[in-house]
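For the sequence shown, counting from 1, position 14 maps to 14 in the working numbering; every step adds exactly one.
Ideal Cβ positions, reconstructed from N, Cα and C, are used throughout, including at glycine.
Computed from a prediction, not measured in an experiment: that's the story for all the values here.
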Amino acid sequence: MTTGKNLREAYYRTQVVEESAKVYMIAKAAGEPRILTAEQYKEIQSLESEAYRVQLLQQQIK
C-alpha cells in the first residue's frame, strides 16, 4: 500500500514499489543481492543522469 498527495502520486509510488520488488526477486534468484553502501548511493545521487531521471518522474506525477 502506498500513499501520496493525490491518486496519481500514490499510483506512481505503487509502481516504484512493485518494480523494486521485481528487481529484488530477480537478484535473489541469481544469488544473494548486495545492498549499496552509503558511499555508492551518494555517487549515484550525484550523477547528472539521476537528477534528470528524478525530474522526469516528478513531471509524470503532476
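- Per DSSP, Ile44 is one residue of the alpha helix (DSSP H) stretching across Ala38 to Gln45.
- Taking the Cα positions, Glu50 is about 7 Å away from Ile44.
- Non-local beta-carbon contacts of Glu9 in its own chain, meaning distances under 8 Å to residues more than five positions away in sequence, involve Ile61 in chain order.
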